[in-house]
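Residue numbers (the working numbering): 3 to 387.
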């Protein structure tokens, strides 16, 4: 024990000694980090099918008849598969989508296909537009007003406008950052009262291996300062890294007794509607390598695993007890894995947390107040000041 204490002190002293040596604030990923990130991406594309060969397709789910699951972006891609499979397994599924008509059409189709196999699917539709923070706030207000529980919130909706010029939402935020990070973060915080009612409950954030090549400057979340040149890869990668950083601090802020687990996961490289934004010649190439790329059903497995596996809560509790710097991160093969080196930067993660709450109009102590059962004011929605 004495040797262990001495070693701890030695490490602490060594760490403190290094503090004054810190140079100017990091402005971008280093070359080694950047190259390592692209290596991970290529490796995942080439070997994901082999690494996930032990998984069944579709993913068998445990009994979930008593679960209420909100799934954003559930009219296409893996979101559609997630919603359908959860409903067929018995869950009450809320499709939180921009196109409610499209969702209603899907429900009619699914009900017809399911007819005779059991009770009708328990699915409903609610409007949610992540490009409008007012819409996010109104959705949360409407759901919380029901005084009904949420057992699983799946923040699946996302955009990757490959090769497109920089665009901004009507709220004034870069679109990748708003849809992939700011809006889901806001939704997760505002739905805490319902997640507490559903405890034990989970917040599942569908992330991407692209976060390995992402970088976040908390003072320049919109990438408008000119310090970095904007590209769609910069916008998307940064938004996915910000999502993990925010999730990690939320994981730390939520007390164990709240019973809420926070998980990020990567679905792998999946053939989805992202291909619509590719140049025509790249769309052809994208479809010529189906062996390497998952279809939507295969891409849904890690999210379904994160949402339903009984050991996920225990894993999150273990990370919390160990004060691990990053929230639970589940790979495309449904195994725990490590997020990027940059995602482990606690100092930046706290700054991203603070800046995110500021941008979405929530008080800095929103989590603590909601856990205590207090009401909070939001800059958006019907309760705005």
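Glycine included, each C-beta is placed from N, C-alpha and C at the ideal position.
Item to check | For residue 230, three-class secondary structure by DSSP | outcome: Residue 230 sits at position 228 when you count from the first residue of the chain shown. Correct three-state label for residue 230: coil.
Checklist entry - When the Cα atoms are used, what is the spatial distance from residue 165 to residue 237? => result The residue you call residue 165 lines up with position 163 of the chain shown. The residue you call residue 237 lines up with position 235 of the chain shown. Cα to Cα, the separation comes out at about 11 Å.
Item to check | Closest by C-alpha distance to residue 371, when choosing among 339, 181 and 260 | outcome: Taking the chain shown and counting its residues from 1, one reaches residue 371 at position 369. Nearest to residue 371 by alpha-carbon distance, out of 339, 181 and 260, is 260.
Checklist entry - Comparing alpha-carbon positions, which option in 171, 119 and 105 lies nearest residue 137? => result The residue labelled residue 137 in the question sits at position 135 within the chain shown. Minimum Cα distance to residue 137 is reached at 171.
Next on the checklist: Below 8 Å, how does it come out for the stretch 333 to 342 and the stretch 93 to 105: are there three or more Cβ pairs, yes or no?
Outcome noted: Fewer than three Cβ pairs drawn from the stretch 333 to 342 and the stretch 93 to 105 lie within less than 8 Å of each other, which leaves the two stretches out of contact.
Next on the checklist: So residue 159 and residue 132 are supposed to be a Cβ contact under 8 Å. How far apart are they, rounded?
Outcome noted: Counting from one through the chain shown, the residue named residue 159 turns up at place 157. Counting from one through the chain shown, the residue named residue 132 turns up at place 130. The C-beta distance from residue 159 to residue 132 rounds to 6 Å, short enough to meet the 8 Å contact threshold.
Checklist entry - First and last residue of the beta strand (DSSP E) that includes residue 98? => result In the chain shown, the residue the question calls residue 98 occupies position 96. It spans 94 to 99 - the beta strand (DSSP E) in which residue 98 sits, taken as one unbroken run.
Checklist entry - Taking 7 Å as the line, does the beta carbon of residue 305 fall inside it for any heavy atom of the ligand ADP? => result Inclusion of the ligand ADP in the displayed structure is not the case, the ligand content being empty and no account of it being possible.
Item to check | Assumed close pair residue 329, residue 235 - CB separation to whole angstroms, cut-off 8 Å | outcome: Your numbering for residue 329 matches position 327 in the chain shown. Your numbering for residue 235 matches position 233 in the chain shown. The distance from the Cβ of residue 329 to that of residue 235 is about 24 Å, inconsistent with a contact at the 8 Å cut-off.
Item to check | Whole-Å CB distance - residue 128 paired with residue 141, under 8 Å assumed | outcome: For the purposes of this step, residue 128 is taken as residue 126 along the chain shown, with counting starting at 1. For the purposes of this step, residue 141 is taken as residue 139 along the chain shown, with counting starting at 1. Between residue 141 and residue 128 the Cβ distance is about 6 Å, and since that is below 8 Å, they are a contact.
Checklist entry - Can you tell me the Cα-Cα spacing of residue 250 and residue 38, whole angstroms? => result On the chain shown, position 248 is the one that residue 250 refers to. On the chain shown, position 36 is the one that residue 38 refers to. Approximately 22 Å between the Cα atoms of the pair.
Checklist entry - Which one or two residues does DSSP pair with residue 71 in a beta bridge? => result Reading the chain shown from its first residue, position 69 is the one you call residue 71. For residue 71, which the question treats as bridged, DSSP gives the partners 95 and 154.
Checklist entry - Looking at the structure shown, is residue 323 part of a helix, part of a strand, or coil, going by DSSP? => result To locate residue 323, count along the chain shown from 1; it is residue 321. DSSP places residue 323 in helix when its eight states are reduced to three.
Item to check | Residue of 306, 32, 268 and 262 minimising C-alpha distance to residue 191 | outcome: The residue given as residue 191 occupies position 189 in the chain shown. Distances from the CA of residue 191 to each of 306, 32, 268 and 262 were compared; the closest alpha carbon is that of 262.
Checklist entry - Which value, in whole angstroms, describes the spacing of the CA atoms of residue 384 and residue 378? => result Within the chain shown, residue 384 is the residue found at index 382, counting from 1. Within the chain shown, residue 378 is the residue found at index 376, counting from 1. Distance between the alpha carbons of residue 384 and residue 378: 12 Å.
Checklist entry - Cα separation between residue 218 and residue 240? => result Within the chain shown, residue 218 is the residue found at index 216, counting from 1. Within the chain shown, residue 240 is the residue found at index 238, counting from 1. Per the coordinates, the alpha-carbon of residue 218 lies some 5 Å from the alpha-carbon of residue 240.
Checklist entry - Just the Cα atoms here: how many angstroms apart are residue 62 and residue 228? => result Stepping through the chain shown from its first residue, residue 62 is reached at position 60. Stepping through the chain shown from its first residue, residue 228 is reached at position 226. Cα to Cα, residue 62 sits roughly 48 Å from residue 228.
Item to check | Outcome for residue 256 when other beta-carbon atoms lying within 10 angstroms are tallied against a minimum of 16 | outcome: For the purposes of this step, residue 256 is taken as residue 254 along the chain shown, with counting starting at 1. Per the 10 Å Cβ criterion, buried.
Checklist entry - Using DSSP with H/G/I as helix, E/B as strand and the rest coil, what is residue 296? => result In the chain shown, the residue the question calls residue 296 occupies position 294. When DSSP states are grouped into helix, strand and coil, residue 296 belongs to the strand group.
Checklist entry - Are the stretch 303 to 323 and the stretch 203 to 217 touching, with three or more C-beta to C-beta distances below 8 Å? => result Contact holds: three or more Cβ-Cβ distances are below 8 Å.
Next on the checklist: For residue 325 and residue 225, I'd like the C-alpha separation in whole angstroms.
Outcome noted: Locating residue 325 in the chain shown gives position 323, where the first residue counts as 1. Locating residue 225 in the chain shown gives position 223, where the first residue counts as 1. So the two alpha carbons sit approximately 31 Å from each other.
Checklist entry - Does the beta-carbon distance from residue 156 to residue 272 come in below 8 Å? => result Here residue 156 corresponds to residue number 154 of the chain shown, with the count starting at 1. Here residue 272 corresponds to residue number 270 of the chain shown, with the count starting at 1. No, they are not a contact pair.
Item to check | Residue burial classification, residue 380 (beta-carbon count within 10 angstroms, cutoff 16) | outcome: On the chain shown, position 378 is the one that residue 380 refers to. With 16 or more other Cβ atoms within 10 Å, it is buried.
Checklist entry - Since residue 361 and residue 184 are thought to touch, with beta carbons under 8 Å apart, how far apart are those beta carbons, to the nearest angstrom? => result For the purposes of this step, residue 361 is taken as residue 359 along the chain shown, with counting starting at 1. For the purposes of this step, residue 184 is taken as residue 182 along the chain shown, with counting starting at 1. Residue 361 to residue 184, Cβ: 6 Å. Contact.
Checklist entry - Straight-line CA distance for residue 77 to residue 105? => result By one-based count along the chain shown, residue 77 stands at place 75. By one-based count along the chain shown, residue 105 stands at place 103. Whole-angstrom Cα-Cα distance: 6 Å.
Next on the checklist: Using CA atoms only, rank isn't needed, just tell me which of 33, 88, 58 and 81 is closest to residue 69.
Outcome noted: Here residue 69 refers to the residue found at position 67 when the chain shown is read from its first residue. Nearest Cα to residue 69 within the set 33, 88, 58 and 81: 88.
Checklist entry - With C-beta atoms as the reference, is residue 196 less than 8 Å away from residue 146? => result For this step, residue 196 is matched to residue 194 along the chain shown. For this step, residue 146 is matched to residue 144 along the chain shown. Residue 146 is positioned such that its CB atom lies closer than 8 Å to that of residue 196.
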